[in-house]
Every structure is written in C-alpha cells, then in structure tokens.
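Residue numbering for the sequence shown follows the working numbering, beginning at -13 and increasing consecutively.
Think of the CB as a built atom: it goes at the ideal place given N, C-alpha and C, for glycine as much as any other residue.
To keep things clear, I will list the structure first and then write my remarks on it.
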Amino acid sequence: MNEFAVYLRRLGLALSFSFVLCASMWAQKKPTLMILPSDNWCTQRYFTMEFDNQGVMERIPNYKQAFQEDIELGPVISKVGELLTNLGYSLKDAEMELKNISARTAEDNVTFSKSSRAQLTESPLDVLKRKAKADIIIQLGWVVNSSTISFTLEAFDAYTSKRIATSTATESRTGNAIPLQLQTAVQKHIKPFDKQLDVFYSNMKSSGREIILTIRTWDNWDGDLESEFANEELLGHIQQWLTKNTIRQQYNLSDASENFAQFEQVMIPLKNENGVAMDARSFTRGLQKYLNAAPFNIPSKLMMRGLGEAILVLGEK
-13 MNEFAVYLRR LGLALSFSFV LCASMWAQKK PTLMILPSDN WCTQRYFTME FDNQGVMERI
47 PNYKQAFQED IELGPVISKV GELLTNLGYS LKDAEMELKN ISARTAEDNV TFSKSSRAQL
107 TESPLDVLKR KAKADIIIQL GWVVNSSTIS FTLEAFDAYT SKRIATSTAT ESRTGNAIPL
167 QLQTAVQKHI KPFDKQLDVF YSNMKSSGRE IILTIRTWDN WDGDLESEFA NEELLGHIQQ
227 WLTKNTIRQQ YNLSDASENF AQFEQVMIPL KNENGVAMDA RSFTRGLQKY LNAAPFNIPS
287 KLMMRGLGEA ILVLGEK
C-alpha cells in the first residue's frame, strides 16, 4: 500500500471516529432546565401573591420579588446550576426570563377572540414556562439551622407539572457561606437525582412528550363537533388526525360533548420532520391547518396555557 493510500485510510478512520463521537454526543444531549425556589420556601419567606384563577383567588409564589429581595437566592441557584451544567444540562436563567416577561406583559394581556372578547387565564408560572420553554422545572428549597443545613430538590415536567425526580438530605453546617454549603450538600446526592432525570428523558425520547389538547367552539359558530363531513362527525375526523400524528397513536379522549373535547396524555414527537423542536403549540398548529382546509374550512383560534396545554377554539379567530 503506497503512502497516499495509507493517508486516505487514516483520514477515513479519523472521520469515522469523529462521526461516531458527534453522534454519541448528540444522543446523550440532556434536557433544558430552569431552577426556581420551591413553593414552601417562598411561603416561609412571604414571597407570595394572590392570583385570580377564573374567579378563585389562589396564593402563589412571587418569584420576581424573591429574586429582587432575597440575598441568598441568586447565589444558591447559581451554585446548584453550576453542578447541573457540569452534568451536561442546559440551564435557562429564571431571573432573566422574569425580567423579559415584565417587559412584554402588555402584549400578553390582549389574548382574546376578535368578536366575543373572551380571554384565556394563565398563571404567572404558566407564562414563565411558556416564555422560557425549559423541558424541566427544578424547585429548590432549603432550611438552615445552627448545626445543620437541609435541602429539597424536586424536578417537574414543564409540560405536565408531573414530579419526575426528587432528592432531599440534611448535612452538618460548615464555616462556608450558605450557597457554598448548599452546593456541597447537593453535590453529595446529585447522582441519583441525575439518574432519575436521565430515565425520564430517555423514556420521553422513545415515547414522546405528553401534552393536553382542548377543543372548544365559539358560541356564535353555526357548527359543532357533531357536524358531519364526508359521513363522519367532526370529532371523528379530529381523532383520525391525532391517530396519524401522535407517537404510537397514544392519546386519551377524557371528556367530550357537541361543543367541547379534551384529549389528555397526547404523546407528540420531540421534533418535527425537519428536526425542529416541537411543543404543544406547533403540534396543534398542524391540526389547525388541517381543519382550515377543505372539506372543513373551519377557522379557529389557537391559545396556550403554559407549554403543555393547547386550546383550539373553532369557528373564528
């Protein structure tokens, strides 16, 4: 074998190794996280506010106030975030996202039907999830006593709010600052937590991302979900579309009437056919286009509640 042939062979081996390495790194890509103080931590420090949830007043965390007034919160989240970054996770900065949301609040207050002026209620946390688009929300709480420091770390699917991982422990106090003590305490228990997140994300890559899809109708529309097209009720056509576009045809019609249908456990791909990340909005946008074409020709308004729930209201935009 001459020198040129040897060179080509070595080049081919190098390229093959690089391809395998890149493919391996891509396959091991971890989800995007956002760290927030836990509900209990916010309550204990009086960082709460009242939220009108469709006429029912609820007390919820005031994250903006917590970041502005608590001197430990920022450094603690930074230190715990450093641990997770070193494990390969991408982090969204919650404090920065909150600042961006405040600057764009006005545009989010005008989500309504053009004719009936009906509005969609979203909690501040739903807005934060939708804007940040993190895969997983990490809630962190801690308690400091004279001789011990305790922490609770919980992970929730940002789309469904289901708990997917948890870690809690109590460690002896040291002379370091609170953020450094918490970083050391969390580091001792981070591996089982990381494994729980890995299991969740691996399952999601194979089984799909879970969302909720709600179909409603405007009261001035002359049709409903029982209207027939090509000898099939409209609800039946919607179910056929879901069967074709969900992972393993997985979805559950949990409730339905002539003017309302709710599909839960709707499993959607993580990415579309072009490799672009898919969420509840982009998935439901496909259904919206389907219903806007012949033979249906039904205009509709697509609205969101957080990242994981899409609401399609039929009859007009």
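Rounded to whole angstroms, what's the CA-CA distance from N206 to K303? Just pull it up for me.
By one-based count along the sequence shown, residue 206 stands at place 220. By one-based count along the sequence shown, residue 303 stands at place 317. Distance between the alpha carbons of N206 and K303 is about 12 Å.
Beta strand (DSSP E) segments (min. 3 residues) lying fully within the stretch 135 to 204:
149 to 158, 195 to 203
When the Cα atoms are used, what is the spatial distance from I135 to T156?
Looking up residue 135 in the sequence shown gives position 149. Looking up residue 156 in the sequence shown gives position 170. One Cα belongs to I135, the other to T156, and the distance between them is close to 6 Å.
Per DSSP, the bridge partner or partners of T34
By 1-based counting over the sequence shown, the position of residue 34 is 48. For T34, which the question treats as bridged, DSSP gives the partners P47.
Provide the residue span of the beta strand (DSSP E) that contains W128, from first to last.
What you label residue 128 is simply residue 142 of the sequence shown in a count that begins at 1. Where W128 is concerned, the enclosing beta strand (DSSP E) stretches over 122 to 130.
T232 and I198 look like a contact to me (Cβ under 8 Å); what is the Cβ gap, rounded to whole Å?
For the purposes of this step, residue 232 is taken as the residue at position 246 of the sequence shown. For the purposes of this step, residue 198 is taken as the residue at position 212 of the sequence shown. In fact, because the Cβ distance is near 13 Å, the residues do not count as touching under 8 Å.
What first and last residue would you give for the beta strand (DSSP E) that runs through V252?
Taking the first residue of the sequence shown as position 1, residue 252 is located at position 266. Per DSSP, V252 belongs to the beta strand (DSSP E) from 246 to 254.
Expressed to the nearest angstrom, what Euclidean distance is found between the alpha-carbon atoms of L114 and L84?
Locating residue 114 in the sequence shown gives position 128, counting from the first residue. Locating residue 84 in the sequence shown gives position 98, counting from the first residue. For L114 and L84, the distance between alpha carbons rounds to 7 Å.
Exposed or buried, what is N217 when buried is set at 16 or more other beta-carbons lying within 10 Å of its beta-carbon?
By 1-based counting over the sequence shown, the position of residue 217 is 231. Flag for N217 reads exposed.
Please classify A80: does DSSP put it in a helix, a strand, or coil?
The residue given as residue 80 occupies position 94 in the sequence shown. Correct three-state label for A80: helix.
Would you check if the distance between the CB atom of L277 and the CB atom of A247 is smaller than 8 Å?
Counted from its first residue, the sequence shown places residue 277 at position 291. Counted from its first residue, the sequence shown places residue 247 at position 261. For L277 and A247, no; Cβs fall outside 8 Å.
Roughly how many whole angstroms lie between the Cα atoms of N26 and R159?
In the sequence shown, counting from the first residue as 1, residue 26 sits at position 40. In the sequence shown, counting from the first residue as 1, residue 159 sits at position 173. Rounded to the nearest angstrom, the two C-alpha atoms are 22 Å apart.
Would you call the CB atoms of I122 and P47 closer than 8 Å?
What you label residue 122 is simply residue 136 of the sequence shown in a count that begins at 1. What you label residue 47 is simply residue 61 of the sequence shown in a count that begins at 1. No. Outside cutoff.
Pick helix, strand or coil for D208, following the three-state DSSP scheme.
As a working note, residue 208 is residue 222 in the sequence shown. In the structure shown, D208 sits in coil (DSSP, three-state: anything other than H, G, I, E or B).
Taking 6 Å as the limit between beta carbons, can you name the residues of its chain near G292, skipping five residues before and five after?
In the sequence shown, the residue the question calls residue 292 occupies position 306. Closer than 6 Å at the Cβ level, and outside the excluded window around G292, lie D112, K115, R116.
Cα separation between N245 and T200?
Counting from 1 along the sequence shown, the entry for residue 245 is found at position 259. Counting from 1 along the sequence shown, the entry for residue 200 is found at position 214. Approximately 11 Å, taken between the alpha carbons.
Option in K15, V42, Q167, D56 with minimal Cα separation from T29:
As a working note, residue 29 is residue 43 in the sequence shown. The shortest C-alpha separation from T29 is found at D56.
Could you say if the stretch 71 to 88 and the stretch 224 to 244 meet the contact criterion of at least three C-beta pairs nearer than 8 Å?
no
Just grab the DSSP bridge partners of T18 for me.
In the sequence shown, residue 18 corresponds to position 32, counting from 1. Bridge partners of T18: S76.
Rank I150, K257, T138, F142 by C-alpha distance to the C-alpha of Q173 and give the top, closest one.
Residue numbering aside, residue 173 sits at position 187 when the sequence shown is read from its first letter. That would be T138, whose Cα lies nearest to the Cα of Q173.
Sheet register partners of L300 (DSSP bridge)
Here residue 300 corresponds to residue number 314 of the sequence shown, with the count starting at 1. T203, S286, per the DSSP bridge assignment.
Boundaries of the beta strand (DSSP E) in which A118 is found, first to last residue:
Translated into positions along the sequence shown, residue 118 becomes position 132. It is not in any beta strand (DSSP E) - A118 instead sits in the alpha helix (DSSP H) that spans 110 to 118.
Alpha carbons only, please: which of S132, A171, L166, P178 is nearest the one belonging to T152?
To locate residue 152, count along the sequence shown from 1; it is residue 166. Of S132, A171, L166, P178, the residue nearest in Cα terms is P178.
Taking just the CA atoms, how far does D210 sit from T203?
Within the sequence shown, the letter at position 217 stands for residue 203. Within the sequence shown, the letter at position 224 stands for residue 210. So the two alpha carbons sit approximately 7 Å from each other.
Please tell me whether R195 has its Cβ less than 8 Å away from any Cβ of chain B.
Any reference to chain B falls outside this structure, which holds one protein chain only.
Cβ-Cβ separation, L256 to A263 (assumed contact under 8 Å), whole Å
As a working note, residue 263 is residue 277 in the sequence shown. As a working note, residue 256 is residue 270 in the sequence shown. About 7 Å separates the beta carbons of A263 and L256, which is inside the 8 Å limit, making them a contact pair.
Measuring only the C-alpha atoms, how far is L126 from Q169?
Here residue 126 refers to the residue found at position 140 of the sequence shown. Here residue 169 refers to the residue found at position 183 of the sequence shown. Those two C-alpha atoms are separated by around 12 Å.
Please classify F98 as buried or exposed, where buried requires at least 16 other C-beta atoms within 10 Å of its C-beta.
By 1-based counting over the sequence shown, the position of residue 98 is 112. Because F98 sits at a pLDDT of 47, beneath the cut-off of 50, its placement in the model cannot be relied upon, and the following sentence gives the value as read from the coordinates. Its Cβ having fewer than 16 others within 10 Å, F98 is exposed.
Buried or exposed by the 16-neighbour rule on C-beta atoms within 10 Å, applied to G261:
Residue mapping note: residue 261 aligns to position 275 of the sequence shown, counting from 1. Classification for G261: exposed.
How would you label Q235, buried or exposed, when you count the other beta carbons within 10 angstroms and need 16 or more for buried?
Translated into positions along the sequence shown, residue 235 becomes position 249. When all chains shown are included, Q235 counts as exposed.
Using only alpha-carbon positions, find the residue among Q51, E36, K148 that is nearest to R45.
Numbered from 1 along the sequence shown, position 59 holds the residue referred to as residue 45. If we check each option's Cα against that of R45, E36 comes out closest.
Distance, L288 Cα to A120 Cα:
By 1-based counting over the sequence shown, the position of residue 120 is 134. By 1-based counting over the sequence shown, the position of residue 288 is 302. Approximately 21 Å, taken between the alpha carbons.
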